[in-house]
Amino acid sequence: MPNLTANLAGIKSPNPFWLASAPPTNSGYQIMKAFDAGWGGAVWKTLGIPVVNTSSRYGAVNYKDKRMMGFNNIELISDRPLSDNLREMEEVKKYFPDHAVIASLMVQSKKEWHQIVNDVQNAGADGIELNFGCPHGMCERGMGSAVGQEPEVIKTLVGWVMEVAKVPVIVKLTPNITDITQPALASQMGGADAISLINTIQSLVGVDLDNFVPYPVVDGKSTNGGYCGPAVKPIALNMVKNCAIHPEFKLPISGIGGIETWRDAMEHIMLGASNVQVCTAVMHYGFGIVREMISGFEEYMIEKGFETIDEMVGKALPNVKDWEDLNMKYEVKASINKDKCIGCDLCYIACEDGAHQAIRIPENSTNRIPEIIDENCVGCNLCSLVCPVENCITMVRTDDGSEHETWKDYQVKDKAPNTFDDERAGGRGHYVPKPSDALKK
Amino acid sequence: MAEYNQPSTLEEVEKNFEQIKPLMNSTEAYYESGRCLFCYDAPCVKACPTGIDIPLFIKQINTGNLNGSAKTIYKANYFGNTCGKVCPTEVLCEGACVFNEQGVKPIDIGRLQSFATTKAMDKDLSLSKAVEKNGKKIAVIGAGPAGISCACELSSMGYDVDIYEAKSAPSGLVLHGVAPYKITNEEALKEVEYLQRQFGFAIKYNSPVTTHEQLTDLEENYSAIFLGIGLGKTASLLIEGEGLTNCIGATEFIEQMKLNPLQTFIGKKVIIIGGGNTAMDAASECARLGADEVILAYRRSKAEKRAYEFEYDLAKSVGVKGMFNISPVAILGTEKVEGVRFTKTEVIDGRVVPVENSEFDISSDMVIRATGQSKMIELLEQIDGMDLDRKGRILVDPESFQCKNPKYFAGGDAVNGGAEVVNAAAEAKIAAIGIHNWIIGEETLGG
Ligand SMILES: Cc1cc2nc3c(=O)[nH]c(=O)nc-3n(C[C@H](O)[C@H](O)[C@H](O)COP(=O)(O)OP(=O)(O)OC[C@H]3O[C@@H](n4cnc5c(N)ncnc54)[C@H](O)[C@@H]3O)c2cc1C
Ligand SMILES: Cc1cc2nc3c(=O)[nH]c(=O)nc-3n(C[C@H](O)[C@H](O)[C@H](O)COP(=O)(O)O)c2cc1C
Ligand code: SF4
Ligand code: SF4
Ligand code: SF4
Numbered sequence: 001m002p003n004l005t006a007n008l009a010g011i012k013s014p015n016p017f018w019l020a021s022a023p024p025t026n027s028g029y030q031i032m033k034a035f036d037a038g039w040g041g042a043v044w045k046t047l048g049i050p051v052v053n054t055s056s057r058y059g060a061v062n063y064k065d066k067r068m069m070g071f072n073n074i075e076l077i078s079d080r081p082l083s084d085n086l087r088e089m090e091e092v093k094k095y096f097p098d099h100a101v102i103a104s105l106m107v108q109s110k111k112e113w114h115q116i117v118n119d120v121q122n123a124g125a126d127g128i129e130l131n132f133g134c135p136h137g138m139c140e141r142g143m144g145s146a147v148g149q150e151p152e153v154i155k156t157l158v159g160w161v162m163e164v165a166k167v168p169v170i171v172k173l174t175p176n177i178t179d180i181t182q183p184a185l186a187s188q189m190g191g192a193d194a195i196s197l198i199n200t201i202q203s204l205v206g207v208d209l210d211n212f213v214p215y216p217v218v219d220g221k222s223t224n225g226g227y228c229g230p231a232v233k234p235i236a237l238n239m240v241k242n243c244a245i246h247p248e249f250k251l252p253i254s255g256i257g258g259i260e261t262w263r264d265a266m267e268h269i270m271l272g273a274s275n276v277q278v279c280t281a282v283m284h285y286g287f288g289i290v291r292e293m294i295s296g297f298e299e300y301m302i303e304k305g306f307e308t309i310d311e312m313v314g315k316a317l318p319n320v321k322d323w324e325d326l327n328m329k330y331e332v333k334a335s336i337n338k339d340k341c342i343g344c345d346l347c348y349i350a351c352e353d354g355a356h357q358a359i360r361i362p363e364n365s366t367n368r369i370p371e372i373i374d375e376n377c378v379g380c381n382l383c384s385l386v387c388p389v390e391n392c393i394t395m396v397r398t399d400d401g402s403e404h405e406t407w408k409d410y411q412v413k414d415k416a417p418n419t420f421d422d423e424r425a426g427g428r429g430h431y432v433p434k435p436s437d438a439l440k441k
Numbered sequence: 001m002a003e004y005n006q007p008s009t010l011e012e013v014e015k016n017f018e019q020i021k022p023l024m025n026s027t028e029a030y031y032e033s034g035r036c037l038f039c040y041d042a043p044c045v046k047a048c049p050t051g052i053d054i055p056l057f058i059k060q061i062n063t064g065n066l067n068g069s070a071k072t073i074y075k076a077n078y079f080g081n082t083c084g085k086v087c088p089t090e091v092l093c094e095g096a097c098v099f100n101e102q103g104v105k106p107i108d109i110g111r112l113q114s115f116a117t118t119k120a121m122d123k124d125l126s127l128s129k130a131v132e133k134n135g136k137k138i139a140v141i142g143a144g145p146a147g148i149s150c151a152c153e154l155s156s157m158g159y160d161v162d163i164y165e166a167k168s169a170p171s172g173l174v175l176h177g178v179a180p181y182k183i184t185n186e187e188a189l190k191e192v193e194y195l196q197r198q199f200g201f202a203i204k205y206n207s208p209v210t211t212h213e214q215l216t217d218l219e220e221n222y223s224a225i226f227l228g229i230g231l232g233k234t235a236s237l238l239i240e241g242e243g244l245t246n247c248i249g250a251t252e253f254i255e256q257m258k259l260n261p262l263q264t265f266i267g268k269k270v271i272i273i274g275g276g277n278t279a280m281d282a283a284s285e286c287a288r289l290g291a292d293e294v295i296l297a298y299r300r301s302k303a304e305k306r307a308y309e310f311e312y313d314l315a316k317s318v319g320v321k322g323m324f325n326i327s328p329v330a331i332l333g334t335e336k337v338e339g340v341r342f343t344k345t346e347v348i349d350g351r352v353v354p355v356e357n358s359e360f361d362i363s364s365d366m367v368i369r370a371t372g373q374s375k376m377i378e379l380l381e382q383i384d385g386m387d388l389d390r391k392g393r394i395l396v397d398p399e400s401f402q403c404k405n406p407k408y409f410a411g412g413d414a415v416n417g418g419a420e421v422v423n424a425a426a427e428a429k430i431a432a433i434g435i436h437n438w439i440i441g442e443e444t445l446g447g
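Taken in sequence, the protein lines are chains H and U.
Under the numbering used here, residues 1 to 441 are what the first sequence spells out, in order.
Under the numbering used here, residues 1 to 447 are what the second sequence spells out, in order.
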C-alpha cells in the first residue's frame, strides 16, 4: 500500500487531506468528527477578536442540474470566544496527537499577534496559519486581504509572528492580487515556513431579479463576498503553480481551492502543493468525501508506482512552460469516430460558428454524422470538448515529430510576423468563407 | 400470436432472452454516476442487504477510480457483479433512492455496480491483501452464492477452504435458476472464476455430501463446516396427475432450460401454477421459448401474489396471461398432460377455500408447478443436533449464523427459506466472521 503521510514544513499528518479554515472547523466537535472520518489535518476557523456575523451569509452558482458549482460567503472569522476554542483545541490534540491541528489567526497589533500565537501554541497547535486573505468584512478593518495585498505589510506581520513562533508558520494568501508571487516572496522574506493558497476570490454570485438585490440578501441589501468551490480550481491551480515555479521561492505550499475529488487534490499536488485543504466540498457533502479522496490516491499511486506523496509533489511542473517555449511545429487534427457519434452535431455548430469552419455535415447525409475538413482544422480542440460522447472526437497528431520550433526560434529566424499584412501571418493560408456565404445557408 | 418464435439456434435463444440490464458503456456510466447526490446516510445503502457504500462507489466511477469503485463493492458483497444484474433493485437500493420522492428516475445503481465490477474482473483487479495462512481448514457444502461468499471471506482471513459441490458447475441457482434475461451463464460463471483466482479456495465438483459417514469425516478434518446447500426440488401439489409426462416442477424446468435451451420441451399452451417470482420467471421463459399461450394460475387474488409487481409486469409484457383465485384440482390426461381441472377459490380469514361447484377445465399440453422448493431435510437429518423450524429452515444464531450443533454454520436459502442472491451473500459473510470468532474463542478456551 502506498504511504499517504504528508509533511508540510515539518507539520506531519497521516494523509495530505486537511480541512481549510472555515465553518467545518468551527469547533472541536467538528474537527474530531472529521479526524474520525479520515481527515489528516484541520486548520481551525480563523481566531482573533470574535466577530458578529449577518444572518443570510452564503450564495451559490448552480450549473444546470449541478448545485453549488461555485460558492460565495460574506462570513467573517470565528464568532466564538477565544478561550472556548483554545480549550477545545487542547482536547482535540489529546485525542488525536498524530493529526495536524493548525490555528488560523487574524489580529491587528503586534501585541495581539504575540499573545494569540502564544495562546494557540500553549493549546497544542501543530502549526499556525496567518489569514491574510479574507476578501470581505475584515479587510475594511485593515485585516485579511487588506494585509495580503501589501507585500511590505505581510513581511512585517510575519516578522512579528516569527518572534514568538515555536511551531511552523503558514501564510495564507489572497488571490485578489495581480501577481501572487509577490506576497509569496514577502512571506518568505518575513521568515514564514510555508504558504497556503488560495483564500476566496472577491465575487458577486448573482442578482435577485425580482427585488433588484444581489445574493446573499441581508434585509434587502447585499455586499460582495468571497468565491470558492469547484469553479475556482483553475484559478487556484495557476496560482499554486506560479509560486511553485518561481525561481526565488523555496517554501512548501499547501494547495487550496476547488478541491472536491481525489483528482482535484492530485492536480494541486502535481503542480507543487505538499498537501491540500478543502472547504466547500465538505460544506456540501460532509466529512465523508475524504473516503473517495483517500481511495483515489491509493489506487492512482498503485497504478503509477508512486510510494509517497513527496514523489508526486510538483511532478507536472517540468512540463509547465512559457507560451513562447511551446513547439509551433506540433500539429493535431480532430478525428471523429463514426461508430460512436450520436449525431448531435454540436461539434459542427461549435466549429462552424465558434471556430474555423472545419466541420461539414455531408449533403444528403441520413445519419447526421459530421466530417472534419482536415485542411481547415487548426487543432483547437473545441469540437472534442463539446462532444458529449467519450473518446468520440480525438485529436490525432499529424506532424511527424521531427521538427521543433518555438516562438522564440521564430523571432530569431525572422519567421515571426511584424507588419499588419505580414505574409507570415499564421492564418494566411487558412480557408475562410466569403462573408456573403453566410446568408446563403 | 406469440411474441416470440421458438428458437432453433443459440443465437436465437440469446435474442429471445435479451438482457434487461445490459452492460453500461463508459459514457452512460459517467452521466449516470454524475447524477447521484452522494446523500448522507444514504437510504439506498440501508436498503441493500449487504450495505454496499453506494454513494462512494458511484462517486468513484465518476472520478475515474474504477478500481476503488470495484473494491468498495466487493468489500461488502462478493457477488457484486451478479447482484447488479439479478437483484430486485426496484424493491431494494433503487426503490429507496431519494429521486423516487421527486418522481425522477432513481439512479441505475445495479447497472453501475455491474459496470465497475465487470471492469475489475476483466483486468483481474487484485482484491485481497496477501494474508498469511493460519493453517486451519474449513469445509463448505454447496458452491452457491452463500458457499462461495463464505469461502471468500474465510480465505481472506487466512483459512484454507474446500467447497463440496454436488453439481459439476458452481454458482448454485444463479447458474441453474435465475432468469437468463437477467444474467447469462457466462457471466454467472465469470464472477466465481474471478473470485476463485482472487481468493484461492478449492471447489470439489460432483461431490455431493449425503451420508452420515461423509459428514463425520468432514467434522474430523475441518475446524468448522458451513452449510450453503440452498433448497431442494419443487414441492409436490399432492393432486392427481402430477406424474403425467410434461408436468414438471419449475426449478427442474428452469435448470433444464438454462443448461439446454434447445433441447427443452415447451408446450404450445403452458399452464404455470403458482404466484411467486419463480412462477413469473417460468412463465416469461416459456413465452420466450415460443409457447403460443402461457397462463399463470394462482389460487389467491392478484393483490396477494408473492411475486414482485415488476416481475408480473415483465411476464405480462411477453404475453403471459394471469388467472387468479383458481386452484388446480387435478392434472388431466392419460399419458401426457392434456389439461388442468381447476376450482374457483375465495379467501376467507386468510385461508383459501374452494367455491362449491365451480370446477372447470383448461386444456393444455404442459404444466409447470411453481409451488415452492422443498427443504434439504434428508441431509440435515444426518447431522447430529440440528435445529430446524416448522418449515424446515435451519435455525441459527442471528448474530453469527451458527447452528445448534456448534461446528456447523449456515446461510442463504437453507436458512432464510428462499430469498435473493444478495441475502445469501450477506448472511454468508456474517457466518464467516462467526466461524472465525468461534474458532478464536475455542482456542482461547482450550489454551
Ligand atoms: C427460479 C429462480 C429464480 C431466481 N431469481 C433470482 C433473481 O432474479 N435474483 C435473485 O437475487 N435471486 C433469485 N433467486 C434466488 C437465488 O438464486 C437464491 O436465493 C440464491 O441462489 C441462494 O443461494 P444459496 O447459496 O443459498 O443456494 P443455492 O444457490 O441453491 O446453492 C446451493 C448449492 O449447494 C449445492 N448443494 C446442495 N446440497 C448439496 C449437498 N448435499 N452436497 C453438495 N452440494 C450441495 C447445490 O448444488 C448448489 O450449487 C431465484 C431463485 C430461483 C429458484
Ligand atoms: C463560509 C466560508 C468561511 C470561510 N472562512 C474562512 C476563515 O475564517 N479563514 C480562512 O482562512 N479562510 C476562510 N474561508 C476560505 C476557505 O478556507 C478556503 O480558502 C476557500 O473556501 C477555498 O477552498 P474551497 O474551494 O475548497 O472552498 C472560508 C470559506 C467559506 C466558504
Ligand atoms: S444550513 Fe443549518 S444553520 Fe444554515 S440555514 Fe439551514 S438549518 Fe439554518
Ligand atoms: S459532437 Fe460528437 S456526437 Fe455530436 S455530432 Fe459531433 S462527433 Fe457526433
Ligand atoms: S439515494 Fe440515490 S441519489 Fe442518494 S446516494 Fe443513493 S443512489 Fe445516490
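Ideal Cβ placement from N, Cα and C applies to all residues, glycine included.
*Compare the C-alpha of Val-422(U) against each of Ser-171(U), Met-24(U), Tyr-164(U) and name the closest.*
Ser-171(U)
*Answer yes or no: does any C-beta atom of chain U fall closer than 7 Å to that of Glu-299(H)?*
yes
_Taking the alpha-carbon of Arg-397(H) as reference, which of His-99(H), Asn-211(H), Pro-151(H), Glu-331(H) has the nearest alpha-carbon?_
Glu-331(H)
*Name the two residues that bound the continuous beta strand (DSSP E) containing Glu-129(H).*
127-131
_Quick check: is any heavy atom of ligand 2 less than 6 Å from the C-beta of Ser-203(H)?_
no
*Pick helix, strand or coil for Pro-175(H), following the three-state DSSP scheme.*
coil
*Is it the case that the CB of Leu-37(U) approaches a heavy atom of ligand 5 more closely than 6 Å?*
yes
_I want to see whether chain U comes within less than 7 Å of Pro-16(H), judged by CB atoms only; does it?_
no
*ligand 1 heavy atoms versus the CB of Tyr-285(H): any closer than 6 Å?*
no
*Quick one, are the C-beta atoms of Ala-297(U) and Ile-331(U) less than 7 Å apart?*
no
*Going straight from the alpha carbon of Ala-419(U) to that of Ile-269(H), what length do you get?*
48 Å
*Could one say the Cβ of Lys-391(U) lies closer than 7 Å to chain H's Cβ atoms, at least one of them?*
no
*With DSSP collapsed to three states, give me the class of Val-389(H).*
coil
*Chain-ordered chain U contacts of Gly-286(H) [CB-CB under 8 Å]*: Tyr-40
_For Ser-301(U), the residue or residues it bridges with in DSSP_ = Partner(s): none; Ser-301(U) has no beta bridge.
_Contact test: Cys-243(H) Cβ vs ligand 2 heavy atom, cutoff 6 Å_ = no
*So, helix, strand or coil for Asn-185(U), using DSSP?*
helix
*Closest by CA to Leu-238(U), which one among Gly-333(U), Thr-371(U), Lys-269(U)?*
Thr-371(U)
*For Trp-262(H), which residues in chain U fall below 7 Å Cβ to Cβ?*
Thr-63, Asn-65
*Examine the Cβ distances between the stretch 225-241 of chain H and the stretch 66-77 of chain H and report whether three or more of them are shorter than 8 Å.*
yes
*Exposed or buried, His-356(H), counting other C-beta atoms within 10 Å across all chains shown (16 or more means buried)?*
buried
*asked:* Quick check: what's the CA-CA separation for Asp-338(U) versus Ser-168(U)?
replied: Going by the sequence as given, residue 338(U) is Glu instead of Asp. C-alpha separation (whole angstroms): 35 Å.
*On the DSSP bridge assignment, give the partners of Asn-72(H) in chain order.*
Gly-59(H), Tyr-227(H)
*Quick one: does Gly-124(H) have its CB under 7 Å from some CB of chain U?*
no
*Only counting runs of 4 or more residues, tell me where the alpha helix (DSSP H) segments fall wholly within the stretch 32-84 of chain U, in order along the chain.*
43-46, 54-62, 66-76
*Neighbour list for Gly-296(H) in chain U, Cβ cutoff strictly below 8 Å*: Gln-60, Thr-63, Asn-65, Gly-68
*Separation of Lys-316(U) from Ser-364(U), as counted between CA atoms*: 19 Å
*When you compare each of Ile-116(H), Lys-172(H), Gln-182(H) to Val-164(H) by their alpha carbons, which one comes out closest?*
Ile-116(H)
*Exposed or buried, Glu-292(H), counting other C-beta atoms within 10 Å across all chains shown (16 or more means buried)?*
buried
*Spell out the partners DSSP gives Glu-240(U) in its beta bridges.*
Ala-330(U)
_One question on the structure: do Glu-299(H) and Gly-68(U) come within less than 7 Å of each other, judged by their Cβ atoms?_
yes
*Residue of Ile-11(H), Val-147(H), Pro-175(H) minimising C-alpha distance to Ala-103(H)*: Ile-11(H)
_Secondary structure, alpha helix (DSSP H): runs of 4+ residues fully inside the stretch 342-399 of chain U_ = 377-382
_Asn-238(H) beta carbon near ligand 2 (any heavy atom closer than 6 Å)_ = no
*Report the residue ranges of all alpha helix (DSSP H) runs contained in full by the stretch 321-364 of chain H; include only those spanning at least 4 residues, in chain order.*
346-354
*Which whole-angstrom value is the C-beta distance of Leu-8(H) and Ser-274(H), which I expect to be below 8 Å?*
5 Å
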